[in-house]
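Here the structure is laid out as structure tokens; the discussion comes afterwards.
There are 4 protein chains.
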Amino acid sequence: MKNVRFFASDNNAGVHPKVMEALMAVNIGHAISYGADIYTEETTELFKKEFETDLDIFFVYNGTGANVTALQVMARSFEAIICAQTAHINTDECGAPEKQTGCKLLALETPDGKLTKELIAKCLHAVGDQHHSQPRVVSITQSSEMGTVYTIEELKDICDFAHANNLLVHLDGARIANAAAALGCRFAEITWKVGIDALSFGGTKNGLMFGEAVIFFNPQLATNMPFIRKQTAQLHSKMRFISAQFGVYFKDELWRKNALHANKMAAILAEKTSKIPNVKLTQKVQVNSVFATIPKEWIKPLQEKSFFYVWNEEKSEVRWMTSFDTTEEDITNFVELL
Amino acid sequence: MKNVRFFASDNNAGVHPKVMEALMAVNIGHAISYGADIYTEETTELFKKEFETDLDIFFVYNGTGANVTALQVMARSFEAIICAQTAHINTDECGAPEKQTGCKLLALETPDGKLTKELIAKCLHAVGDQHHSQPRVVSITQSSEMGTVYTIEELKDICDFAHANNLLVHLDGARIANAAAALGCRFAEITWKVGIDALSFGGTKNGLMFGEAVIFFNPQLATNMPFIRKQTAQLHSKMRFISAQFGVYFKDELWRKNALHANKMAAILAEKTSKIPNVKLTQKVQVNSVFATIPKEWIKPLQEKSFFYVWNEEKSEVRWMTSFDTTEEDITNFVELL
Amino acid sequence: MKNVRFFASDNNAGVHPKVMEALMAVNIGHAISYGADIYTEETTELFKKEFETDLDIFFVYNGTGANVTALQVMARSFEAIICAQTAHINTDECGAPEKQTGCKLLALETPDGKLTKELIAKCLHAVGDQHHSQPRVVSITQSSEMGTVYTIEELKDICDFAHANNLLVHLDGARIANAAAALGCRFAEITWKVGIDALSFGGTKNGLMFGEAVIFFNPQLATNMPFIRKQTAQLHSKMRFISAQFGVYFKDELWRKNALHANKMAAILAEKTSKIPNVKLTQKVQVNSVFATIPKEWIKPLQEKSFFYVWNEEKSEVRWMTSFDTTEEDITNFVELL
Amino acid sequence: MKNVRFFASDNNAGVHPKVMEALMAVNIGHAISYGADIYTEETTELFKKEFETDLDIFFVYNGTGANVTALQVMARSFEAIICAQTAHINTDECGAPEKQTGCKLLALETPDGKLTKELIAKCLHAVGDQHHSQPRVVSITQSSEMGTVYTIEELKDICDFAHANNLLVHLDGARIANAAAALGCRFAEITWKVGIDALSFGGTKNGLMFGEAVIFFNPQLATNMPFIRKQTAQLHSKMRFISAQFGVYFKDELWRKNALHANKMAAILAEKTSKIPNVKLTQKVQVNSVFATIPKEWIKPLQEKSFFYVWNEEKSEVRWMTSFDTTEEDITNFVELL
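Chains as they are written, first to last, in this note's numbering: chain V, 20 to 357; chain R, 20 to 357; chain C, 20 to 357; chain E, 20 to 357.
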């Protein structure tokens with residue numbers, strides 16, 4: 020089993036070999052802890068270059084850590100965070116946002132995991148009324164938990180509407196690389212250039228071992244973050260081992276190569292499985308996930324041979340994810356199983 | 020500077036080569052995320068063997084994460100946590116325990132960072148009174164933040180007194196390896212055998228890259244921990260990369276070798292520096308730290324050549340720490356600088 | 020304006036004269052504070068008699084205070100509270116439940132403010148999965164925020180289903196008197212006899228000045244409540260002045276008289292206004308509120324003469340509430356205005 | 020027992036007759052709830068007149084409610100609140116400040132319950148360091164929990180020092196009336212004129228039934244308070260019944276009359292008891308409390324006849340408090356018992 024690859028999740032994959040090399044390369048001598056080392060300084064510069072702007076960056080441990088520290092910075096406990104029902108912060112973090120921020124989440128139903136300004140507008144009826152949590156943050160996910168991608172125009176629309184209504188915009192970018200790869204754009208174009216205020220920048224799902232980054236494009240947001248990060252137990256001591264990973268992630272656009280590959284594998288998987296009778300895709304395949312309904316009785320035996328998650332038991336909907344290390348052979352084998 | 024070693028902290032050291040090898044060894048194929056992988060299963064068994072008992076173990080990201088998840092399990096918000104003034108949870112976690120647990124910390128002055136039952140008894144006057152936070156947890160640190168070590172008898176005394184007074188005992192074991200090495204004992208002897216209920220088991224300060232473990236010796240304490248860990252953003256997806264580190268940590272007692280070496284280096288450092296006029300040790304050197312007062316005007320120039328932290332500015336007291344990779348040459352060079 | 024009565028809310032009414040007399044009657048000499056006085060002892064006995072059972076009772080300041088202390092007792096931060104979208108805890112407490120408990124609220128859409136077991140069942144799909152807030156409490160409101168009433172059978176159905184699924188049931192009884200009056204039953208029949216575990220028992224909306232009660236029918240739930248109440252700033256020092264109000268509230272069923280009157284006034288108001296062209300009732304009138312759509316252009320001028328709240332701006336839906344002191348003349352005048 | 024007065028606490032007293040009259044006087048017709056009524060408007064003006072300045076005022080339920088809402092406004096969770104060990108917020112609120120704010124309390128030992136700038140200075144060593152809770156608020160109590168009073172100069176000293184160090188000053192004024200009466204000054208002189216930023220203004224211990232006020236002298240502090248008050252379950256619906264009490268409290272300086280009387284009674288009690296052999300006063304008697312050591316064996320029998328609290332069991336120290344309704348006869352009787 021140890022050498023097998025399956026389609027359960029992109030975080031079931033291991034670490035990209037170049038990332039492993041980078042970890043070894045910085046493992047010499049001592050380095051000041053908690054981020055005051057030269058590797059972190061270098062990587063910070065790489066982020067600024069990659070994002071084509073000045074910015075404030077804070078490394079944390081994981082996606083939930085990134086989301087809840089960013090949201091603590093952006094909202095006080097009596098404020099509300101608007102998101103999709105399917106958002107990771109709403110469904111997959113065991114209530115971490117509520118616990119850490121004290122805020123109410125206003126979770127909106129969407130067909131495809133994507134918010135729109137019309138949906139957001141529904142939450143704005145009680146502004147200024149002390150009885151109601153005050154909307155303050157819109158949190159969107161790019162690419163979304165349903166494998167869909169916001170276009171640059173859609174992002175701009177949301178940010179403009181949010182800012183016009185005194186809302187800040189947080190982007191959960193656990194899979195932002197897959198989105199940028201799909202859109203063929205640079206990170207700047209789908210973040211600060213469209214008006215994103217804060218970004219959870221992920222890498223673990225795209226070849227890193229651990230560590231995510233919170234990025235603020237508005238320097239005022241960064242002021243309290245060092246303390247919030249520490250108080251949320253998200254400050255790593257041996258920081259160079261996070262910085263080194265992001266350093267190599269940006270080298271020769273390793274992030275894009277990995278993401279493009281995963282996206283391409285999903286496209287192939289979708290193309291092949293959709294031809295199988297009784298398999299029906301339920302979402303557009305824009306990045307590295309395939310959502311499909313399959314006959315209920317197929318699920319158990321299939322999972323035993325190649326593990327994956329059931330997304331919606333009632334509908335017999337499953338999710339298959341590809342990753343940077345998925346091979347065409349993996350897909351062929353899986354399609355044969357089906 | 021990149022190859023230099025200094026005496027600022029044991030977390031300024033890198034990763035032990037065997038740990039790096041172990042990380043590479045598990046980097047093959049896919050593994051179920053969030054701890055349901057075979058590496059985590061194997062390492063869990065190693066923990067049980069090493070501790071000579073059944074136990075519940077939960078990997079988290081760092082020491083603060085370990086402390087605040089363990090404390091959330093052990094205390095409700097209206098309860099109080101008794102600790103030394105110098106405890107890491109009291110002074111070095113930016114209020115994470117208060118934020119995460121909602122509890123009051125009752126921090127007691129000690130000469131050497133060690134609690135006693137007499138000190139703890141001072142906090143027990145308002146039991147049952149709704150106006151006062153109810154004492155519930157005693158948190159001690161082994162080895163302590165002052166580089167001192169509790170004897171087995173001292174630990175037993177505290178645990179017995181605590182249990183007799185309806186208190187649970189948490190051990191912050193960020194440097195438990197150094198303590199066990201100093202005492203020449205096994206982990207079991209200074210944890211569950213003396214009555215410790217929950218343990219933050221550290222490794223990062225002794226050669227690991229990231230990841231700590233929360234261990235419960237009472238199975239009832241473990242029930243809620245999976246959810247508390249996730250809600251505190253301390254659940255790693257690619258768990259095999261934490262498990263692998265602890266796996267090799269226990270192999271041939273790597274932990275003890277590393278800790279013994281660091282302790283020995285501190286002893287040499289203490290022995291040599293204490294002979295220097297105007298350098299005066301302020302704490303017993305039992306593990307891998309040396310506390311000393313030195314002339315105020317020495318500090319700045321010395322730090323520039325070999326960084327370390329001032330512990331108490333008023334007293335001109337500094338802290339020097341050794342680590343698994345400190346060499347005798349490092350010490351000779353540093354003593355010469357002095 | 021000072022002598023006018025309007026239909027904005029039952030908490031716009033004053034204090035029933037008998038309640039005022041009771042406050043004066045206990046204003047003699049000293050009384051031990053924080054509830055250890057004889058008046059509180061007496062009123063506690065009255066509660067037990069009224070509810071026909073042993074119970075634990077804790078006076079707090081207001082409805083939000085009652086709800087959030089009860090919920091803190093019933094749920095840990097990683098657990099979820101299931102309620103209707105329209106529930107007071109979800110929409111009218113500025114996020115107090117999330118802040119105070121740390122829990123996620125799972126708010127369900129309902130046509131009439133009432134939950135059903137079918138709706139609750141939708142929330143039970145991820146039990147035991149560490150990534151998801153664990154459903155633990157069902158909170159229902161009797162009478163509901165939409166002026167509807169659960170039948171005894173409906174309550175029993177919900178409680179049975181909840182208990183079969185390891186859920187506790189909390190009843191927000193801010194207007195429980197109106198419900199009991201409407202059903203012609205005693206409090207026992209719609210609380211512990213159907214399986215309610217904890218009750219926020221209100222009185223302010225039915226003639227009291229301040230103070231509500233949290234009642235636990237399961238003695239295990241009460242253990243931590245004294246501390247939770249104090250920590251939530253809900254423990255009144257001069258407790259006799261809350262106890263005295265509830266004392267007289269139960270005398271000769273003052274609560275029922277007040278509630279029956281308010282309900283009757285609402286029935287008359289509904290009957291008269293429903294005959295007016297362009298006024299359309301939108302909810303059953305079972306207790307003391309009337310929901311209706313009226314022409315948008317009527318609202319402003321009407322509010323200026325007799326204040327009330329718009330419930331749903333889009334639909335031009337308004338809410339009119341009657342109270343223990345509403346007179347038929349008030350209604351006649353209001354209908355004339357319309 | 021019902022007609023007896025004793026020396027346990029000033030909150031064991033009832034309600035001043037004029038306050039009861041004021042409650043009855045506003046009990047006519049309807050009033051908009053939650054503070055938008057004319058009585059609250061009038062009382063707000065009275066506060067401004069009494070304090071000789073513009074200010075923002077928010078009524079809450081009790082002293083703990085006032086303290087924790089004010090502190091939530093003043094500090095973020097990663098900041099620290101400096102106070103005396105004996106401060107009510109530190110010892111008598113069951114951890115409400117930690118729970119509600121998430122902050123660490125830095126509690127300092129004092130001989131008399133009073134902070135000084137020298138003591139505060141001890142807490143300022145780690146400013147800007149992300150590992151440590153950042154000092155942000157100094158909270159002092161006037162008159163203090165030990166019955167002592169800050170002079171105007173002492174207050175100014177603390178405020179000046181605080182502001183010079185980027186700290187805000189909160190005054191817990193649960194007994195501010197007793198202090199102002201003792202100093203023979205107006206409220207302005209011991210609050211905003213010396214630099215106090217926020218005030219918990221109490222009345223319950225001086226003749227009111229319920230309700231306290233949070234006052235901000237800096238309008239920026241008030242912005243978030245409406246939401247924080249609601250989220251902390253401290254917003255009363257029938258607000259006129261709090262406003263009315265404070266309205267009459269200011270009329271003809273009822274507050275001063277009550278406080279002067281209580282202070283005078285304490286002076287007499289102190290004078291008489293201090294002459295009794297084996298009774299030794301342990302604090303200056305500046306307001307309405309007498310701290311004394313008495314023989315241990317006296318306590319039980321004395322309490323049975325006239326209840327009071329033991330302050331320090333080890334030292335056999337007791338606290339006797341007088342209130343607005345204490346009579347000289349009460350004192351004579353009590354002294355005779357002694």
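All C-beta atoms, glycine included, are put in the ideal place defined by N, C-alpha and C.
Contiguous alpha helix (DSSP H) elements confined to the segment 174-247 of chain R occur at 195-202 and 238-241, taking only those with 4 or more residues.
Residues of chain V whose Cβ lies closer than 8 Å to the Cβ of R/Gly147 do not exist, since the nearest Cβ in that chain is about 29 Å away.
Contact between the segment 61-74 of chain R and the segment 109-128 of chain R is absent: fewer than three C-beta pairs spanning the two stretches fall below 8 Å. Look at C/Ala263 here: in three-state DSSP terms it is helix. Taking CB atoms only, C/Ser96 has a neighbour in chain R less than 8 Å away.
Neighbours of V/Pro245 in chain E, taken as residues whose beta carbon is under 8 Å from its own, are Gln149 in chain order. Shown here for C/Leu227: same chain residues with a beta carbon closer than 8 Å to its own, the five before and five after excluded, namely Val34, His35, Val38, Gln264, Phe265 and Tyr268 in chain order. By the Cβ neighbour-count rule, C/Gly203 is exposed, with fewer than 16 other Cβ atoms within 10 Å of its own. In the three-state scheme derived from DSSP, where H, G and I count as helix and E and B as strand, V/Leu127 is classed as strand. The Cβ neighbour count for R/Glu60, taken over all protein chains shown within 10 Å, is under 16; the residue is labelled exposed. The residue from R/Arg24, R/Ala41 and R/Val306 with its alpha-carbon nearest to that of R/Leu273 is R/Ala41. Between R/Gly192 and R/Gln161, the gap from beta carbon to beta carbon is short of 8 Å.
DSSP, read as helix, strand or coil, puts C/Val45 in coil. Note on geometry: alpha-carbon atoms of R/Thr351 and R/Lys291 lie some 9 Å from one another. Residue state for V/Thr301 is assigned as coil, using DSSP reduced to three classes. Burial check for E/Lys212: the Cβ neighbour count within 10 Å reaches 16 or more, so the residue is buried. Rounded to whole angstroms, E/Val306 and E/Ile171 show a C-alpha spacing of 15 Å. Under the DSSP assignment, V/Gln149 falls outside any beta strand (DSSP E); it carries neither an H nor an E label. In the three-state reduction of the DSSP assignment, E/Pro314 falls in the coil class, being assigned neither a helical nor a strand state.
Taking a C-beta distance under 8 Å as the contact criterion, C/Ile234 and C/Ala207 do not qualify as a contact pair.
The residue among C/Ser158, C/Gly54 and C/Glu332 with its C-alpha nearest the C-alpha of C/His182 is C/Ser158. Between V/Val87 and V/Ile261, the alpha-carbon positions lie close to 19 Å from each other. In the DSSP annotation of this structure, the continuous segment of the beta strand (DSSP E) that includes R/Arg338 starts and ends at Glu336 to Met340.
Per DSSP, V/Asn30 has no beta bridge partner at all. Contact note: E/His189 does not reach chain R at a C-beta cutoff of 9 Å; the least C-beta distance is about 18 Å. In the assembly as shown, V/Tyr328 is an exposed residue. Its beta-carbon has fewer than 16 other beta-carbons within 10 Å. When beta bridges are read from the DSSP output, V/Val79 appears opposite V/Glu231. In this structure, R/Glu98 is the residue among R/Ala27, R/Leu74, R/Met284 and R/Glu98 with its C-alpha nearest to the C-alpha of C/Phe246.
Under the 8 Å Cβ criterion, the segment 240-259 of chain E counts as touching the segment 46-54 of chain E, having at least three qualifying pairs. Contact with chain E is absent for R/His49, since none of that chain's Cβ atoms lies less than 8 Å from the residue's Cβ. By the neighbour-count criterion, in which a residue is buried when 16 or more other Cβ atoms sit within 10 angstroms of its Cβ, C/Ala232 is buried.
Counting along the chain, no alpha helix (DSSP H) covers E/Gln253, and no H or E run does either.
The residue among E/Glu128, E/His49, E/Ala196 and E/Asn243 with its C-alpha nearest the C-alpha of V/Gly147 is E/Asn243. A contact is defined here as three or more CB-CB pairs under 8 Å, and the segment 280-287 of chain V meets this definition with respect to the segment 340-356 of chain V. The Cβ-Cβ distance between E/Phe77 and E/Arg338 does not fall below 8 Å.
Neighbours of C/Lys257 in chain R, taken as residues at a C-beta separation under 9 Å, are lacking, since the least C-beta distance is about 15 Å.
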